[in-house]
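Q: In my numbering, the protein residues as written are 1 to 332. Cβ atoms here follow ideal geometry from the backbone N, Cα and C, with glycine treated the same way. On a predicted model such as this, the values are computed, not experimentally measured, just so you know.
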Ligand code: CP
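Below, the structure is given as structure tokens:
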């Protein structure tokens, strides 16, 4: 089913134009972290902070609005934080949490599904196992589409969550040394965050991974074009004293073609209290979660472990994003 699913079928070259033929303006979507300019991120962060300060001011903001969550891949945080965010804004939620309970199981394409959802919802959040699926959905949609993760490609709302966490906890998004550790090849949260953090002055990246799981060349090329400073190493312990932020990641089992490779690589890095001995006292330890073994449970009680706070920040920044995209839709 996964291999055969056709994002665009039935293929009709005029369908894309038809999707927009009745609207004066195309909607604004969030598909790619390239759209997270420092100005836009700052605007969303300001809104998220206002929501935290006074949630009741926003509790009716999305009354009579419906959000559809289309999750073709498993999720705990992203789906539930979006749903909680929309409910906190006074809106409603519909959707599915697995493709087997949708008509995707009968062969329906993403393009057709999103056209149907346009009749039922005002905004749509989609997670899909294929890279580019969210872009296809946006191309066929008259309502805003938010990419909640497309295969091993991107996860821009996790990036918003990460940026909000960093800005709240480190009080800046510039002049930081950030260590990305683990599966940098398939980790879509890393792809989105490293790109977005390269938009800010003075950031430096230490890419910590085994050879097989290095950051893809095209992302390193983009960093080079932007004159971002980065280096690659396999040695987490050696990198530790330099880091302001350590972004741990899970080895992405679901992206491997070969179970043996996964088993060999899955426990390459396990962060424990001993490895933190030479870390800065104000290090921020982040992880998009879920974790498997890569952070020992003993680290959870360290004040530098921020990954559960990160989850909480995710709800507020997603509220800000929903408000922003719906306000633009209203202006069309
Ligand atoms: N961080 C994240 O995307 O988590 P979920 O897969 O649980 O949504």
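1) Per the contact definition of three or more C-beta pairs closer than 8 Å, is the stretch 212-229 in contact with the stretch 277-286?
2) Can you say whether residue 34 is buried or exposed, counting buried as having 16 or more other CB atoms within 10 angstroms of its CB?
3) Following a CB-centred definition, is residue 76 positioned closer than 7 Å to any heavy atom of ligand 1?
4) How many Å lie between residue 201 and residue 229 at the Cα?
5) Relative to the C-alpha of residue 290, which candidate in 301, 67, 74 and 41 has its C-alpha closest?
6) Between the alpha carbons of residue 305 and residue 122, how many angstroms are there, rounded?
7) Exposed or buried, which one is residue 224 when buried takes at least 16 other CB atoms within 10 Å?
8) Which residues in the same chain have their Cβ closer than 6 Å to the Cβ of residue 241, if we skip the five residues on either side of it in sequence?
9) Which word fits residue 110, buried or exposed, when buried means at least 16 other C-beta atoms lie within 10 angstroms of its C-beta?
10) Tell me which same chain residues have a C-beta within less than 6 Å of the C-beta of residue 155, skipping the five on either side of it?
11) Cβ of residue 95 versus every heavy atom of ligand 1: is any distance shorter than 7 Å?
12) Does the beta-carbon distance from residue 61 to residue 90 come in below 8 Å?
13) Less than 8 Å between the CB atoms is what I'm expecting for residue 247 and residue 181, so what's the real figure, rounded?
14) By a C-beta neighbour count over all protein chains shown, 10 Å radius and 16 as the cutoff for buried, is residue 231 buried or exposed?
15) With a 10 Å radius around its C-beta and 16 neighbouring C-beta atoms as the bar for buried, classify residue 23 as buried or exposed.
16) What whole-angstrom Cβ distance do residue 372 and residue 152 have, given they're in contact under 8 Å?
17) To the nearest whole angstrom, what separates the beta carbons of residue 233 and residue 206, a pair I think is in contact under 8 Å?
18) Taking only three categories from DSSP, how would you classify residue 58?
19) Can you name the residues that DSSP bridges to residue 145?
20) If I measure Cβ to Cβ from residue 324 and keep anything under 6 Å in the same chain, skipping five residues before and after, which residues do I get?
21) Could you have a look at residue 226 and say whether DSSP puts it in helix, strand or coil?
22) Note the first and the last residue of the continuous beta strand (DSSP E) segment covering residue 67.
23) Can residue 127 and residue 58 be called in contact, C-beta distance under 8 Å?
24) In the DSSP assignment, what residue or residues form a beta bridge with residue 285?
25) What residue range does the beta strand (DSSP E) around residue 96 cover?
A: Taking the geometry as given:
1) no
2) Counting from one through the chain shown, the residue named residue 34 turns up at place 34. It is exposed - the Cβ of residue 34 has fewer than 16 other Cβ atoms within 10 Å.
3) As a working note, residue 76 is residue 76 in the chain shown. Within the cutoff, so yes.
4) Residue mapping note: residue 201 aligns to position 201 of the chain shown, counting from 1. Residue mapping note: residue 229 aligns to position 229 of the chain shown, counting from 1. The alpha-carbon atoms of residue 201 and residue 229 are separated by roughly 10 Å.
5) By one-based count along the chain shown, residue 290 stands at place 290. Of the candidates 301, 67, 74 and 41, the one whose C-alpha sits nearest the C-alpha of residue 290 is 74.
6) As a working note, residue 305 is residue 305 in the chain shown. As a working note, residue 122 is residue 122 in the chain shown. Residue 305 and residue 122: Cα-Cα distance of roughly 37 Å.
7) The sequence position of residue 224 within the chain shown is 224, counting from 1. When all chains shown are included, residue 224 counts as exposed.
8) One-based indexing of the chain shown puts residue 241 at position 241. Correct list, in chain order: 278.
9) Mapped onto the chain shown, residue 110 falls at position 110. Burial call: buried.
10) On the chain shown, residue 155 is found 155 positions in, with the first residue counted as 1. Cβ neighbours of residue 155 beyond the five flanking positions: 149, 188, 189 and 192.
11) Indexing the chain shown from 1 puts residue 95 at position 95. No, the beta carbon of residue 95 sits no closer than 7 Å to any heavy atom of ligand 1.
12) Taking the first residue of the chain shown as position 1, residue 61 is located at position 61. Taking the first residue of the chain shown as position 1, residue 90 is located at position 90. Yes, the pair counts as a contact, with Cβ atoms nearer than the cut-off.
13) What you label residue 247 is simply residue 247 of the chain shown in a count that begins at 1. What you label residue 181 is simply residue 181 of the chain shown in a count that begins at 1. Residue 247 to residue 181, Cβ: 7 Å. Contact.
14) Indexing the chain shown from 1 puts residue 231 at position 231. Flag for residue 231 reads exposed.
15) As a first step, residue 23 must be located in the chain shown, where it is residue number 23. Note that residue 23 scores 42 on pLDDT, short of 50, meaning its location in the model is unreliable; the coordinates nonetheless yield the value given after this. With fewer than 16 other Cβ atoms within 10 Å, it is exposed.
16) Only positions 1 to 332 of the chain appear in this structure, which leaves residue 372 out of reach.
17) Within the chain shown, residue 233 is the residue found at index 233, counting from 1. Within the chain shown, residue 206 is the residue found at index 206, counting from 1. Right, the Cβ-Cβ distance comes to about 6 Å (below 8 Å), so this counts as a contact.
18) Looking up residue 58 in the chain shown gives position 58. In this structure, residue 58 counts as helix in the three-state DSSP scheme.
19) To locate residue 145, count along the chain shown from 1; it is residue 145. Its beta-bridge partners are 124.
20) Within the chain shown, numbered from 1, the residue matching residue 324 stands at position 324. Counting only Cβ-Cβ distances below 6 Å, and skipping sequence neighbours, we find nothing.
21) Mapped onto the chain shown, residue 226 falls at position 226. Three-state result, residue 226: coil.
22) Working through the chain shown from its first residue, we reach residue 67 at position 67. Where residue 67 is concerned, the enclosing beta strand (DSSP E) stretches over 66-71.
23) One-based indexing of the chain shown puts residue 127 at position 127. One-based indexing of the chain shown puts residue 58 at position 58. Their beta carbons are not under 8 Å apart, which means residue 127 does not touch residue 58 by this criterion.
24) By one-based count along the chain shown, residue 285 stands at place 285. DSSP, once it has assigned bridges, lists 246 and 305 as partnering residue 285.
25) Counting from 1 along the chain shown, the entry for residue 96 is found at position 96. It spans 92-96 - the beta strand (DSSP E) in which residue 96 sits, taken as one unbroken run.
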